[in-house]
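Have a look at the structure below, then the notes.
Residue numbers (UniProt numbering): 1 to 397.
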């Protein structure tokens, strides 16, 4: 193929639909590598479109957010609000996003996808399905994700990363500039359909669960009383040691470390040697109290937002109007079957803490109707949902 005319070599590169495949081709062939360099922006843009599909805008938003101005190392509230306004615009015109991407944007998007997202796109579906309680006891196999399932996973991973970038602080004990949990719920999660916010809640749950196990494994190594810190005099705390045996301290360290983002999480997943894991965590443990994603999606904060809001949001209004919620054969922009069944076919703007954890454990909102029927997920939703008298739409308002 290297002897083909340049025009045909370009068409071959443009026909590649995955970043990993593009990387393999240009690394294997000096001729195709040169062709790629000549048409880098066009090729990389096309291949990223194929790789990311309906999550291209989310990937661009993550890339763009890393370039925001941070005076003193912190994102200020006006900067975040302006960016989220632009993000809403991106979502209305995805085609314009690709046209405005620079080669630096595309390269950054490709690098982050390969460094973090690709691994998690395999890890998260497998872990979710391993948690589903089958009658046979045999773990479910993921197989190939459908286009819609893949898009749901991709967009939720990128949105989790965007949350980490926009609402984190480097200052211990202080929340990001001017943001309460209610603010984050309104200006960030209010952008999404409720089942899409639930996708992010499920991703957060899987990450938090893994970090809980990691901290349990390494907390003795990093405790103030560990012999490795014996040369440091009391009462001061030596660098690299943490109070991880107190539940409150442990929780804020877990939340703070989650906010380091998906690149670190991918590193943690790939670190099997215990001492290497201790060193990785020692260098990256964070501390952050508010606004944690879990608290932003708590039933209390969701109730408080509704009570304090000057007017109903569009999503709230659809719930009040008892708008019918229909399963639309797994369109990317439509609710998944599990969500429709959970809410008995009527609109709901509740998500996060109010959803049974037994459903979040296996990622109920990610799966297509076909797969849900095959492994018995629909029946599981019916079993686990609340009785009509206990419906959060009526009990929590």
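Every residue gets a Cβ at the ideal spot worked out from N, C-alpha and C, and that includes glycine. Since this is a predicted model, take the numbers as computed values, not measurements.
CA-to-CA distance, residue j to residue i, given in whole angstroms
i	j	result
residue 114	residue 120	10 Å
residue 312	residue 223	48 Å
residue 61	residue 215	31 Å
residue 369	residue 244	42 Å
residue 254	residue 179	20 Å
residue 196	residue 3	47 Å
residue 209	residue 279	20 Å
residue 271	residue 265	10 Å
residue 146	residue 225	50 Å
residue 340	residue 87	27 Å
residue 42	residue 58	20 Å
residue 361	residue 80	31 Å
residue 322	residue 347	6 Å
residue 355	residue 263	28 Å
residue 53	residue 151	7 Å
residue 127	residue 375	15 Å
residue 357	residue 396	18 Å
Supposed close pair residue i, residue j - CB separation, criterion 8 Å
i	j	result
residue 240	residue 282	5 Å
residue 21	residue 63	Actually they are not in contact, since the Cβ atoms of residue 21 and residue 63 sit about 21 Å apart, beyond 8 Å.
residue 353	residue 299	5 Å
residue 26	residue 56	Not a contact, Cβ separation roughly 21 Å.
residue 399	residue 198	Residue numbering for the chain in the displayed model covers 1 to 397; residue 399 lies beyond these limits and cannot be assessed.
Residue burial classification, residue i (beta-carbon count within 10 angstroms, cutoff 16)
i	result
residue 379	exposed
residue 116	buried
residue 227	exposed
residue 51	buried
residue 415	There is simply no residue 415 to check, as the chain begins at 1 and stops at 397 in what is shown.
residue 1	exposed
residue 7	exposed
residue 144	exposed
residue 317	exposed
residue 103	exposed
residue 220	exposed
residue 158	buried
residue 373	exposed
Identified DSSP bridge partners for residue i
i	result
residue 346	324
residue 242	223
ask   = Do the stretch 184-196 and the stretch 84-92 make contact, defined as three or more Cβ pairs closer than 8 Å?
value = yes
ask   = For the stretch 62-80 against the stretch 22-37, are there 3 or more C-beta pairs whose distance is under 8 Å?
value = no
ask   = Between the stretch 331-342 and the stretch 354-370, do three or more beta carbon pairs fall short of 8 Å?
value = yes
request  = Determine, using beta-carbon pairs with one atom in the stretch 122-135 and one in the stretch 158-166, whether at least three such pairs fall under 8 Å.
outcome  = no
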